[in-house]
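To start, the structure under review is shown below, and the notes come after it.
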Amino acid sequence: MTAKAFSLPDMTGEPRAFPSARPSLICFVKEDCATCNLAAPVLEAFHRAWGEAADVWMVGQTADGNAILKDRHGLTLPILDDSALRTSLAWDFEIVPAVYWIGPDGEPPAPLEGFVKAEWEALAARIAADLALPAAAVAWADLPDWRPGCGSKHLDPDIHDRLLAEAEGSPIRARRIEVAGGDDIDEFMFDQGFSDGLPVVAPTPERVLRMLSGTTRGPQDIVAIVPPSMAPVTVEKIAINAVMAGCRPEYLPVVIAGVEAVCTDEFNIHGVNATTMGASPVLVVNGPIRQRIGMNMKQAALGNGNRANATIGRAVRLVVRNVGGARPGGTDRSTMSNPMKFTMCFAEWEEGSPWEPLHVERGFQREDSVVTAFAMTSGPVQIVDQDSRKPDHIAGTLGLGLEGVFLSKIHRMPVDTLLVVCPEHVKTLTSEGDYPKARLRDRIQAVTARPLREMVADDVSAAGISLASAAKMTEAQLAAPAPKFADTKFIHIVVAGSEAGKFSAAFHGWLTGAAGSAVVSRKIEC
Amino acid sequence: MTTILDPTDERVPVARQITPRAGNTPGVIGLLDISKPRGNVLLDELERLLAVRFPEAEIKRYAKPTFAKPCPSDLRLKMKAECKVVVEGLAD
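Protein sequences, first through last, are from chains A and B. Going letter by letter, the first sequence gives residues 4 to 529 in the numbering used here. Going letter by letter, the second sequence gives residues 814 to 905 in the numbering used here.
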């Protein structure tokens, strides 16, 4: 059923309501359409012939255009104003003129769109028969056989999304905030605390609707419960924050998966936000979606300049801030904090890696698209080695580069690290053949192994093993070598970056495990 | 007017926040006349009452060139530099 009830004013301001008690001929037109101008005198003839027995109405899509049509063609039939375009949207046609005959039987019709003379003549004959009135005085022979119509104004890209957002049945449920015309909307959003400190894009209903087109999930699906306010976050709320972050609709599935990942009990976004140590999610994206949405995995992958990388990470942060209520000075108690709290997201350059991609290593299929969240407190910290030409030397360098995690003196750490190996270091690592990740992890542990004695509090630094604890240890225990990490499982490795430059990078973790945060991967449902 | 959608969990009403209150020990109190007719009558009376209540305060008078336009930024900066609080008569 496309013929929906409406009440629209005619040019005298009188409301005209459909359906009325009479049969109706309704034709939607717009003034700048040549075919509508061709149809206007025909409709006028219809009105003169049958106006006593039926409503013959033209519905125009601009108020100014209606006045022009009336003058240009000397029209006397009622011309209704649908400049709001809501009725056009509700009747759901694509082309003007769109003419509907709702005859005495009241059956919903299919519209005639454009002008096909044979169809219009047949319609005129049917109307005359239905009304048992003489034919209208139309010089059919003078009219062309066929003229295409024009796209209806309600389908203009600038207008359509707004109309949908405002229409009955709109998927939008979020509270609407009306910002006065005299108010600067960007400043308003800062004042409301919606921003992370940088400008945000105004989440207008039409933008949010466009954003929602990026996912097949229902707008009101609850994706997660977001601490610390423990608020349920819907797809719609994520879309609002994704608009604000500057995302394109095709990024939305990654943002949704990212929110899912960080809001798990394992990842523990509340602890990550709240810790004085200043942790933040680092999101790594794997799989085909990387190319599809244009993520950066190569030159400058960990930095600025790529919209997908920058805005996906930011959108996840804004959800946590705005829906979860985690804000600096509130439940975010970071001593120093770090710029990753604005955004930190990049893609792995799987094609440049000799190893299984991160997501495959974590149990997914290569063709899956996956986001993996790490809780990290520092990084990216560069590891510079422009001199080594042997695989074990590069691996040794990467190990030494990781010794600074938290504090170089502290070893046997049960703390995650994310090592991002640059392509030139990968090249050297594999220059003599396969160099598995397991060997790289072992090498990192081997080159960082120091006697436990070096971890005991001393005159330089009292950090590490206290003197009291050390006093209870045997010489053999103090001499035992302690690698940097408590286990190789804490060393996560991916490949990214430019093919030029011998600079790898590392992110340093937080409190790893059940009491803190575990690495979480989520499949991206596109 | 622009409509935006609330990005929060909607537990807190959306509202303009008022500036933090200055407490009850004003230094210089500015009275801004927006230059609407008889605004001076109101501000004269306010000045008299403030002088009684805060005898230690200094009261300064300012006026916008016209009520129909925003306050010129040099006047705004001048008031900000000179006053601890400013009272502005906003409308009729």
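Using N, Cα and C, we set each Cβ at its ideal position, and we do this for glycine too. Nothing here was measured: the structure is a model prediction, and the numbers come from that model.
The residues 192, in chain order, have a CB closer than 7 Å to that of residue 198 of chain A in the same chain once the five nearest residues on each side in sequence are set aside.
DSSP, read as helix, strand or coil, puts residue 293 of chain A in helix.
Straight across, the Cα-Cα distance linking residue 343 of chain A with residue 352 of chain A is about 20 Å.
DSSP, read as helix, strand or coil, puts residue 448 of chain A in helix. The beta carbon of residue 424 of chain A sits closer than 6 Å to the beta carbons of 498 and 507 from its chain, once the five residues preceding and following it are set aside; these are given in chain order.
Bridge partners of residue 30 of chain A according to DSSP: A:61 and A:102.
It is roughly 14 Å from the alpha-carbon of residue 107 of chain A to the alpha-carbon of residue 55 of chain A. At a cut-off of 7 Å between beta-carbon atoms, residue 847 of chain B makes no contact with chain A.
Near chain B, meaning a CB-to-CB distance below 8 Å, the residues of the segment 171–188 of chain A are 175, 177, 178, 179, 180, 181, 182, 183, 184 and 188. For residue 234 of chain A, the chain B residues whose Cβ falls inside 7 Å of its Cβ are 822, in order along the chain.
The criterion of a C-beta distance shorter than 7 Å is satisfied by residue 382 of chain A and residue 509 of chain A. Pairing residue 19 of chain A with residue 34 of chain A, the inter-Cα distance amounts to about 20 Å.
For the 7 Å CB-CB criterion, residue 844 of chain B and residue 866 of chain B do not form a contact. A Cβ-Cβ separation of about 6 Å places residue 527 of chain A in contact with residue 374 of chain A under the 8 Å criterion.
Just so you know, the alpha carbons of residue 519 of chain A and residue 207 of chain A end up roughly 37 Å apart. By alpha-carbon distance to residue 38 of chain A, the top candidate from A:152, A:122 and A:105 is A:152.
If you draw a straight line from the Cα of residue 820 of chain B to the Cα of residue 299 of chain A, it is about 27 Å long. Shown here is that no member of the segment 846–880 of chain B has a Cβ falling below 7 Å from a Cβ of chain A. Rounded to the nearest whole angstrom, the CA to CA distance from residue 59 of chain A to residue 188 of chain A is 45 Å. In this structure, DSSP gives residue 335 of chain A an extended state, which the three-state scheme calls strand.
Excluding the 5 residues flanking it on each side, residue 205 of chain A has same chain C-beta neighbours closer than 6 Å at 188, in chain order. Across the segment 242–253 of chain A, CB contacts with chain B closer than 7 Å involve 243, 244 and 247, in sequence order along the chain.
Unbroken beta strand (DSSP E) stretches of 3 residues or longer found wholly inside the segment 172–208 of chain A: 179–182, given in chain order.
Residue contact with chain A for residue 827 of chain B: present (Cβ-Cβ distance below 7 Å to some residue of chain A).
For residue 109 of chain A, the number of other beta carbons within 10 angstroms of its own is below 16, and it is reported as exposed. A:243 is the residue among A:57, A:185, A:194 and A:243 whose C-alpha sits nearest the C-alpha of residue 177 of chain A.
The C-beta of residue 423 of chain A comes no closer than 7 Å to any C-beta of chain B. At a cut-off of 7 Å between beta-carbon atoms, residue 197 of chain A makes contact with chain B.
If only complete runs of 4 or more residues are kept, the segment 435–483 of chain A shows the alpha helix (DSSP H) at 440–451, 470–474 and 478–482, in order along the chain. Here residue 95 of chain A is exposed, its C-beta having fewer than 16 other C-beta atoms within 10 Å. Ranked by Cα distance from residue 422 of chain A, the first of A:406, A:74 and A:213 is A:406.
At a cut-off of 7 Å between C-beta atoms, residue 818 of chain B counts as an interface residue with respect to chain A. Between residue 311 of chain A and residue 296 of chain A, the CB-CB gap stays under 7 Å. Residue environment: residue 386 of chain A is assigned as buried (16 or more neighbouring CB atoms within 10 Å of its CB, all protein chains considered). Taken through DSSP and simplified to helix, strand or coil, residue 818 of chain B comes out as strand. The Cβ atoms of residue 238 of chain A and residue 256 of chain A lie no closer than 7 Å to each other.
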